[in-house]
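These notes concern the structure reproduced below.
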Amino acid sequence: MSDEQVTKKFLYVNRKAPYGTIYALESLEVVLIGAAFEQDVSLAFIGDGVYQLTKGQDTKGIGVKNFSPTYRALGEYDIQKIYVEKESLEARGLTLDDLQHLVYEDEDDDWAEKDAIKLVSAKELGEIMEQQDVVLSF
Amino acid sequence: MSMLHTVNKSPFNSDGLSSCLQCALAGSSVLLIEDGVYAARRGTQYEALVQEALKDKKIYALQPDLEARGVKSNLIDGIELVDYAGFVDLTTDHDSVQAWL
Amino acid sequence: MPLEVNGKTYETDEEGYLANLSDWSEDVAKALAESEGLEMTENHWEVVNFLREYYQEYQIAPAVRVLTKAIGKKLGKDKGNSKYLYELFPYGPAKQACKVAGLPKPTGCV
Numbered sequence: 001m002s003d004e005q006v007t008k009k010f011l012y013v014n015r016k017a018p019y020g021t022i023y024a025l026e027s028l029e030v031v032l033i034g035a036a037f038e039q040d041v042s043l044a045f046i047g048d049g050v051y052q053l054t055k056g057q058d059t060k061g062i063g064v065k066n067f068s069p070t071y072r073a074l075g076e077y078d079i080q081k082i083y084v085e086k087e088s089l090e091a092r093g094l095t096l097d098d099l100q101h102l103v104y105e106d107e108d109d110d111w112a113e114k115d116a117i118k119l120v121s122a123k124e125l126g127e128i129m130e131q132q133d134v135v136l137s138f
Numbered sequence: 001m002s003m004l005h006t007v008n009k010s011p012f013n014s015d016g017l018s019s020c021l022q023c024a025l026a027g028s029s030v031l032l033i034e035d036g037v038y039a040a041r042r043g044t045q046y047e048a049l050v051q052e053a054l055k056d057k058k059i060y061a062l063q064p065d066l067e068a069r070g071v072k073s074n075l076i077d078g079i080e081l082v083d084y085a086g087f088v089d090l091t092t093d094h095d096s097v098q099a100w101l
Numbered sequence: 001m002p003l004e005v006n007g008k009t010y011e012t013d014e015e016g017y018l019a020n021l022s023d024w025s026e027d028v029a030k031a032l033a034e035s036e037g038l039e040m041t042e043n044h045w046e047v048v049n050f051l052r053e054y055y056q057e058y059q060i061a062p063a064v065r066v067l068t069k070a071i072g073k074k075l076g077k078d079k080g081n082s083k084y085l086y087e088l089f090p091y092g093p094a095k096q097a098c099k100v101a102g103l104p105k106p107t108g109c110v
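Residue numbers (our numbering), protein chains in the order written: chain A, 1 to 138; chain B, 1 to 101; chain C, 1 to 110.
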């Protein structure tokens with residue numbers, strides 16, 4: 001590998017509810033694999049995608065692996081920007097309190113624990129999308 | 001006589017629920033399963049539609065699907081929860097079943 | 001190929017990873033370690049137990065980079081580096097330690 005590391009901005013856009021389809025889990029796995037390449041990764045949750053982050057998921061009754069705890073590992077994979085679209089939350093009668101508390105440790109601030117989730121409007125999210133090198137939608 | 005309708009898609013992602021509720025006759029039953037259970041929650045854009053349907057229809061939601069998705073609380077009053085055995089009972093208690101896929 | 005320990009047979013995948021997380025025990029771990037040519041020491045157990053706890057909490061086996069960082073935080077800087085971890089698990093800490101811990105092969109580990 002050359003010494004010149006090219007860091008690109010990656011945004012993963014999550015638009016589907018978990019469990020009903022395979023998209024949410026597939027996206028999460030791609031994010032974790034991609035994180036090994038030390039790129040500038042952020043995640044967005046929009047539409048039914050916001051349901052991926054709900055607290056208290058318990059899949060014992062449906063016999064499917066509960067992958068919601070894995071979102072809490074994203075901070076350890078240096079993923080510090082998790083955008084949740086405000087309008088999508090509101091349309092579903094949800095607030096930030098209904099979602100898991102996701103954090104990361106800020107290397108530049110003596111490893112202080114900080115909130116990873118940022119509530120943004122659809123317009124703001126549109127701007128964030130335009131700033132990316134690569135946008136992957138699931 | 002009466003029909004059981006099942007809806008398995010999120011109301012935000014499919015018109016399954018709204019089409020179902022337009023067609024379903026008074027006295028029939030609607031069972032929300034899989035991603036369909038999101039419609040059982042209070043405060044969504046679709047609450048009014050569900051409330052309206054509750055006036056003359058029974059609405060059920062599959063509890064294991066609510067639990068899996070972390071949305072088992074804050075449900076619309078009048079929606080009854082069933083487990084898998086209850087799902088089976090509903091299908092046998094009705095004359096026919098239509099799945100709104 | 002199935003793994004035999006104390007007269008009991010355990011299902012594994014084609015690469016020798018335990019098929020069922022719940023089949024794991026210390027004896028099974030020792031047999032898995034043997035299949036990798038590893039002699040388990042206190043230091044090996046420390047990493048293996050760490051991985052099992054990590055899996056319990058997050059439902060994934062961490063990537064090597066994440067594992068190294070997390071070990072450093074939990075067990076100290078002298079252990080949170082790849083030299084130390086590769087000395088314990090010469091064919092790759094994530095790959096080998098996960099196998100001994102009874103976890104699936106780490107996501108993204110090719």
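Every residue, glycine too, gets a C-beta built ideally from N, C-alpha and C.
CB contact flag (residue i, residue j, <8 angstroms)
| i | j | result |
| --- | --- | --- |
| residue 84 of chain A | residue 45 of chain A | yes |
| residue 66 of chain A | residue 59 of chain C | yes |
| residue 17 of chain A | residue 35 of chain B | yes |
| residue 39 of chain B | residue 11 of chain B | yes |
| residue 34 of chain C | residue 75 of chain C | no |
| residue 19 of chain C | residue 51 of chain C | no |
| residue 1 of chain C | residue 12 of chain C | yes |
| residue 61 of chain C | residue 106 of chain C | yes |
| residue 99 of chain C | residue 4 of chain C | no |
| residue 28 of chain A | residue 82 of chain A | no |
| residue 44 of chain C | residue 88 of chain C | yes |
Spatial neighbours of residue i in its chain, beta-carbon cut-off 7 angstroms, leaving aside the 5 residues before and after
| i | result |
| --- | --- |
| residue 129 of chain A | 11 and 135 |
| residue 57 of chain A | 66 and 68 |
| residue 83 of chain B | 63 and 64 |
Classification of residue i by the beta-carbon crowding that lies within 10 angstroms, buried from 16 upward
| i | result |
| --- | --- |
| residue 5 of chain A | exposed |
| residue 1 of chain A | Reliability of the predicted coordinates at residue 1 of chain A is poor, the pLDDT of 49 falling under 50, and no value is obtained from them. |
| residue 110 of chain C | Because the pLDDT at residue 110 of chain C is just 45, under 50, the model does not fix this residue reliably, and the point stays unresolved. |
| residue 21 of chain C | exposed |
| residue 7 of chain A | exposed |
| residue 107 of chain A | exposed |
Contacting residues, own chain, Cβ-Cβ under 6 angstroms from residue i (five flanking each side not counted)
| i | result |
| --- | --- |
| residue 29 of chain B | 4 and 58 |
| residue 7 of chain B | 16, 17, 20, 32, 36 and 100 |
| residue 119 of chain A | 84 and 86 |
| residue 77 of chain A | 35 |
Assumed close pair residue i, residue j - CB separation to whole angstroms, cut-off 8 angstroms
| i | j | result |
| --- | --- | --- |
| residue 69 of chain B | residue 51 of chain A | 6 angstroms |
| residue 75 of chain A | residue 105 of chain A | 7 angstroms |
| residue 103 of chain A | residue 114 of chain A | 6 angstroms |
| residue 97 of chain A | residue 54 of chain A | With 8 angstroms as the limit, residue 97 of chain A and residue 54 of chain A do not qualify as a contact, their Cβ atoms being about 11 angstroms apart. |
| residue 15 of chain A | residue 49 of chain A | 5 angstroms |
Chain-ordered chain C contacts of residue i [CB-CB under 9 angstroms]
| i | result |
| --- | --- |
| residue 139 of chain A | Chain A is shown only over 1 to 138; residue 139 of chain A falls outside these bounds and no answer can be derived. |
| residue 73 of chain A | 54, 57, 58, 59, 60, 62 and 66 |
Residues near residue i by beta carbon distance below 8 angstroms, same chain, minus five either side
| i | result |
| --- | --- |
| residue 93 of chain C | 47, 64, 67, 68, 82, 85 and 86 |
| residue 70 of chain A | 28 and 32 |
Contacts that residue i makes with chain C (C-beta to C-beta distance below 8 angstroms)
| i | result |
| --- | --- |
| residue 66 of chain A | 59 |
Where residue i meets chain B, residues with beta-carbon distance less than 7 angstroms
| i | result |
| --- | --- |
| residue 62 of chain A | 64, 65 and 68 |
Chain-ordered neighbours of residue i on chain A, where CB pairs are closer than 7 angstroms
| i | result |
| --- | --- |
| residue 45 of chain B | 91 |
Neighbouring residues, chain A, relative to residue i (Cβ below 8 angstroms)
| i | result |
| --- | --- |
| residue 70 of chain C | 76 |
Interface partners of residue i on chain B, CB under 9 angstroms
| i | result |
| --- | --- |
| residue 80 of chain A | Those within 9 angstroms of residue 80 of chain A in chain B number zero; the least Cβ separation is about 24 angstroms. |
Contact list for residue i against chain B, beta-carbon separation under 8 angstroms
| i | result |
| --- | --- |
| residue 23 of chain A | The premise fails here: residue 23 of chain A is roughly 11 angstroms from chain B at the closest Cβ pair, so nothing lies under 8 angstroms. |
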